[in-house]
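**Q** Just dropping this structure here.
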Amino acid sequence: MSTSVRALIDLDQDLAAAVSEERRDAARRAVRARTRTVERGAWDAIGEYGECADWMGLLVIDGFLSRRTSCGEETVGEIVGPGDLLRPWDHDGEYPVVEDITTSWQVLEEITIALLDAKLAARLAEWPALTAAILARIGRRDRWLGLRLLVSQLPGVELRVLYFLWHLAERWGEATDGVLRTPAPLTHEHIGELIGAQRPSVSHAVGALREQGVRRVPGLGWEMPLDTPATIEAMLEEGAFVPSARP
Amino acid sequence: MNVHNGFAGREIGAGRGPGAPVPARDIGGGVRAASLLDVLPELGDGLDTSTWRKARVRSLVQIEAFEPGPWIPHLTRRAGRPQTALLIASGLLVREVELGERCFAELLGGGDLIYPWAPRTGASAPEGRWRALHGGTLAVVDELLLGRIAPYPSLTLALARLSARRGRFLAALAITRRLRRVEPRLLFLFALLAERWGRVTPEGIVLRLPLNHELLARLIGTRRPAVTTAVGQLRERSMLTQLPDGWLLASDQTAADALDLPRPTAP
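Top to bottom, those sequences are chains A and B. Sequential numbering from 100 applies to the first sequence in this note's numbering. Sequential numbering from 2 applies to the second sequence in this note's numbering.
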């Protein structure tokens with residue numbers, strides 16, 4: 100684990116837009132955040148930060164993780180990445196009707212997080228536009244979550260996989276060499292948790308989507324052609340079956 | 002998975018009831034305002050009396066009203082910005098997002114913080130639409146308000162907590178998509194909704210929510226006819242009953258039966 104202290108608007112440059120240019124230097128001096136890294140693997144975020152209710156949150160600067168919500172044998176995932184705000188301490192007993200809902204965190208790719216602790220939250224109070232921008236990150240994450248729920252009810256796992264990967268790449272990926280590449284090294288199981296499908300169904304769908312140019316780049320992410328939206332459109336119109344997969 | 006009645010002996014529900022009025026006053030130009038602490042008193046939890054009084058005066062917030070039916074987010078005399086949030090003080094809103102023939106719905110009510118002007122998370126992400134099941138009021142949470150409440154960081158943190166709650170509800174709602182049969186999906190959904198909108202009665206948990214079968218289908222990710230069939234089956238087993246103005250959810254054990262869970266054994 101490495102730590103450092105840097106200006107928040109330098110750590111997350113999108114936040115700088117919330118501060119007028121003439122005030123940015125002052126914001127750099129006033130709002131500085133500690134950062135830390137978390138290595139790939141299971142992360143006990145609740146154990147580490149469960150008592151930090153007076154913090155604003157943990158802002159993801161770099162890397163990706165999955166927030167896994169489980170109930171009984173069922174698990175759903177949410178992919179969280181740069182710009183997202185986490186508040187792992189907000190988990191306590193809010194669903195007394197449905198017992199056994201648990202949350203866990205898995206780092207998919209080493210993350211760097213800015214610790215928006217109580218002291219920083221107090222300093223942020225003097226920068227309301229910055230505070231509003233940070234709170235809005237939670238709203239953006241809600242939109243992302245809503246979209247994922249919509250994806251999970253699309254007909255056909257192939258369409259779900261393709262639409263999800265495309266949207267993931269749109270949000271955090273990059274276009275290179277005629278393809279769009281997702282950033283996170285997601286396994287079939289991760290994708291299943293994210294789109295509401297079983298791993299074998301995802302593997303089957305991934306096999307079928309190879310003909311559409313979708314492939315996994317070991318250790319990196321997934322890539323797909325830039326004309327994937329046309330394929331998605333066709334699948335939506337044709338009932339979610341990839342043309343090549345039809346009998 | 003175990004669904005139980007966690008409400009025995011208490012009333013439940015977040016914020017105001019769907020129709021509860023918010024004490025707002027006209028501050029000129031057609032703009033209405035109220036104290037944030039009157040809009041959602043729970044935000045002031047933890048403040049001592051003296052601080053609470055000062056914070057109540059400072060936390061003046063613009064209030065907007067909405068009527069039942071389709072709702073297009075807008076503000077009186079100014080434009081909404083991507084970072085402008087609306088705190089639902091009362092009423093009941095539905096956000097629906099369509100893709101192809103599928104539609105996802107989310108139910109939002111008192112205490113929820115929404116960002117209707119936030120940019121989409123990608124060019125291919127469909128835009129959602131809003132409609133109100135119950136009319137109500139919204140408080141505008143923007144940098145002007147955040148500046149006014151700067152001396153009271155606990156209020157800002159309380160707003161952050163409210164913001165995050167919606168995400169956790171969505172995450173729990175996602176569990177319904179993993180359940181194969183529609184009956185347990187419905188019971189799971191109602192158990193989640195009951196946490197916020199349920200009221201314990203001798204007959205079970207009553208939810209005064211105007212949820213028709215179509216909306217239920219969108220909430221749990223299935224088709225309306227499947228919901229109608231499931232509702233019929235659950236009614237026959239006295240687990241879920243549609244009321245003229247809402248729903249009645251039976252006790253924990255009948256819900257557990259529906260999920261094919263073994264009955265707990267006595268110690």
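We treat Cβ as the ideally placed atom computed from N, Cα and C, and that holds for glycine.
1) Using a Cβ-Cβ cut-off of less than 8 Å, give me the residues of the segment 163-178 of chain B that come near chain A, in sequence order.
2) Applying the criterion that 16 or more other CB atoms from any shown protein chain within 10 Å of the CB defines a buried residue, is Q112 of chain A buried or exposed?
3) Taking the alpha carbon of L145 of chain B as the point to measure from, which residue in A:A231, A:V250, A:P254 has its own alpha carbon closest?
4) To which residues of the same chain is A133 of chain B closer than 7 Å at the C-beta, ignoring the five residues directly before and after it?
5) Beta-carbon separation of G320 of chain A and G272 of chain A under 8 Å?
6) Determine, using beta carbons only, whether P83 of chain B comes closer than 8 Å to chain A.
7) Give the residues of chain B in contact with S251 of chain A, contact being defined as C-beta atoms less than 9 Å apart.
8) Would you check if the segment 74-87 of chain B and the segment 135-142 of chain B touch, i.e. whether three or more CB-CB distances between them fall below 8 Å?
9) With 16 other CB atoms within 10 Å as the buried threshold, where does I28 of chain B fall?
10) What residues of chain B sit near P227 of chain A, judged by a beta carbon separation below 7 Å?
11) Please classify V228 of chain B as buried or exposed, where buried requires at least 16 neighbouring CB atoms within 10 angstroms.
12) If we count Cβ pairs, one from each stretch, closer than 8 Å, do we get three or more for the segment 174-191 of chain B versus the segment 229-241 of chain B?
13) Report the residues of the segment 216-243 of chain B with a CB closer than 8 Å to any CB of chain A, ordered along the chain.
14) How long is the line joining the alpha carbons of S119 of chain A and S155 of chain B, rounded to whole angstroms?
15) Please state if the CB of I178 of chain A and the CB of F163 of chain A are separated by a distance shorter than 8 Å.
16) Report the three-state DSSP secondary structure of P324 of chain A (helix, strand or coil).
17) Give the range of the beta strand (DSSP E) segment to which A117 of chain A is assigned.
18) Give me whichever residues DSSP pairs with L249 of chain B in a beta bridge.
19) Would you kindly report the start and end of the unbroken beta strand (DSSP E) that includes S36 of chain B?
20) For E337 of chain A, which three-state DSSP category applies?
21) Could you tell me which of B:P245, B:A218, B:G247, B:P226 sits nearest to F105 of chain B, measuring between CA atoms?
22) Which stretch, first to last residue, makes up the alpha helix (DSSP H) that contains E147 of chain A?
23) Among all the DSSP beta bridges, which residues are the ones paired with I210 of chain A?
24) When burial is assigned at 16 or more other CB atoms within 10 Å of the CB, is G176 of chain A buried or exposed?
25) List the endpoints of the continuous beta strand (DSSP E) containing S103 of chain A.
26) Pull the bridge partners of S91 of chain B from the DSSP assignment, please.
27) With distances taken Cα to Cα, identify the nearest neighbour of L188 of chain B among B:R149, B:L235, B:R26, B:V207.
28) Taking Cβ-Cβ distances shorter than 7 Å, what residues in chain A pair up with S125 of chain B?
29) What residue does the beta strand (DSSP E) around T275 of chain A start on, and which one ends it?
30) Nearest by alpha-carbon distance to E322 of chain A: which of A:S165, A:L215, A:E269, A:W188 is it?
31) Rounded to a whole number of angstroms, what is the C-alpha to C-alpha distance between G192 of chain A and T202 of chain A?
32) Which class does P74 of chain B belong to by DSSP, given the choice of helix, strand or coil?
33) Anything in chain A within Cβ reach of T202 of chain B, meaning under 9 Å, just list it in chain order.
34) Is it the case that the Cβ atoms of P254 of chain A and S125 of chain B are separated by a distance below 8 Å?
**A** To lay it out plainly:
1) Residues S164, A165, R166, R167, G168, R169, L171, A172, A173, L174, A175, I176, R178.
2) Position 13 of the first sequence, counting from 1, holds the residue named residue 112 of chain A. The residue in question, Q112 of chain A, is exposed, as its Cβ has fewer than 16 Cβ neighbours within 10 Å.
3) Taking the first residue of the second sequence as 1, we reach residue 145 of chain B at position 144. Of the listed residues, the one whose Cα sits closest to L145 of chain B is A:A231.
4) Translated into the one-based positions of the second sequence, residue 133 of chain B becomes position 132. Short of 7 Å from the beta carbon of A133 of chain B, and not among the five residues preceding or following it, lie these beta carbons of its own chain, in chain order: F67, E68, P69, G70, W72, G92, L93, L94.
5) Numbered from 1 along the first sequence, position 221 holds the residue referred to as residue 320 of chain A. Numbered from 1 along the first sequence, position 173 holds the residue referred to as residue 272 of chain A. The answer is yes: Cβ separation under 8 Å.
6) Here residue 83 of chain B corresponds to residue number 82 of the second sequence, with the count starting at 1. Among the residues facing chain A, P83 of chain B is included, as its CB has a counterpart in that chain under 8 Å away.
7) The residue labelled residue 251 of chain A in the question sits at position 152 within the first sequence. The contacting residues are F105, A175, R178, R179, G222.
8) Counting C-beta pairs with one atom in each stretch, the segment 135-142 of chain B and the segment 74-87 of chain B have three or more that are closer than 8 Å, which means they touch.
9) For the purposes of this step, residue 28 of chain B is taken as residue 27 along the second sequence, with counting starting at 1. Classified as exposed, I28 of chain B has fewer than 16 neighbouring CB atoms from the shown chains inside 10 Å of its CB.
10) Along the first sequence, read from residue 1 onward, the residue named residue 227 of chain A stands at position 128. Within 7 Å Cβ-Cβ: E144, L147, G148, A151.
11) As a working mapping, residue 228 of chain B is identified with position 227 in the second sequence. Result: buried.
12) The segment 174-191 of chain B vs the segment 229-241 of chain B: in contact.
13) Under the 8 Å Cβ criterion, the segment 216-243 of chain B contributes G222, T223.
14) The count along the first sequence starts at 1 and reaches residue 119 of chain A at position 20. The count along the second sequence starts at 1 and reaches residue 155 of chain B at position 154. In this structure, the alpha-carbon of S119 of chain A lies about 26 Å from that of S155 of chain B.
15) Against the first sequence, residue 163 of chain A aligns to sequence position 64. Against the first sequence, residue 178 of chain A aligns to sequence position 79. Yes; because the gap between Cβ atoms is below 8 Å, this pair is in contact.
16) Against the first sequence, residue 324 of chain A aligns to sequence position 225. Residue state for P324 of chain A is assigned as strand, using DSSP reduced to three classes.
17) Within the first sequence, the letter at position 18 stands for residue 117 of chain A. Neither: A117 of chain A is in no beta strand (DSSP E) and is coded neither H nor E.
18) One-based indexing of the second sequence puts residue 249 of chain B at position 248. Paired residue(s): B:V207, B:T242.
19) Position 35 of the second sequence, counting from 1, holds the residue named residue 36 of chain B. Counted as a single uninterrupted DSSP element, the beta strand (DSSP E) harbouring S36 of chain B occupies residues 33-36.
20) By 1-based counting over the first sequence, the position of residue 337 of chain A is 238. In the displayed model, E337 of chain A falls within coil according to three-state DSSP, outside both helix and strand.
21) Position 104 of the second sequence, counted from the first residue, corresponds to residue 105 of chain B. Of the listed residues, the one whose Cα sits closest to F105 of chain B is B:A218.
22) Here residue 147 of chain A refers to the residue found at position 48 when the first sequence is read from its first residue. Per DSSP, E147 of chain A belongs to the alpha helix (DSSP H) from 144-148.
23) Numbered from its first residue, the first sequence carries residue 210 of chain A at position 111. Answer is A:V137.
24) Indexing the first sequence from 1 puts residue 176 of chain A at position 77. When all chains shown are included, G176 of chain A counts as buried.
25) Position 4 of the first sequence holds residue 103 of chain A. Segment 102-106, the beta strand (DSSP E) holding S103 of chain A.
26) On the second sequence, residue 91 of chain B is found 90 positions in, with the first residue counted as 1. Here S91 of chain B is bridged, per DSSP, to B:T138.
27) By 1-based counting over the second sequence, the position of residue 188 of chain B is 187. For the residues B:R149, B:L235, B:R26, B:V207, the minimum Cα distance to L188 of chain B belongs to B:L235.
28) Here residue 125 of chain B refers to the residue found at position 124 when the second sequence is read from its first residue. What S125 of chain B touches in chain A: W265, H266, E269, P328.
29) Position 176 of the first sequence, counted from the first residue, corresponds to residue 275 of chain A. For T275 of chain A, the uninterrupted beta strand (DSSP E) run begins and ends at 273-275, by DSSP.
30) Start at 1 with the first residue of the first sequence, and residue 322 of chain A comes out as number 223. For the residues A:S165, A:L215, A:E269, A:W188, the minimum Cα distance to E322 of chain A belongs to A:E269.
31) One-based indexing of the first sequence puts residue 192 of chain A at position 93. One-based indexing of the first sequence puts residue 202 of chain A at position 103. At G192 of chain A, the pLDDT of 49 sits below 50, so the modelled position is not reliable and the matter cannot be decided from this model.
32) On the second sequence, residue 74 of chain B is found 73 positions in, with the first residue counted as 1. Shown here, P74 of chain B sits in coil according to DSSP, grouped into three states, outside any helix or strand.
33) Here the question's residue 202 of chain B lines up with position 201 in the second sequence. Result: empty, since nearest Cβ-Cβ is about 15 Å, beyond 9 Å.
34) For this step, residue 254 of chain A is matched to residue 155 along the first sequence. For this step, residue 125 of chain B is matched to residue 124 along the second sequence. Contact: no.
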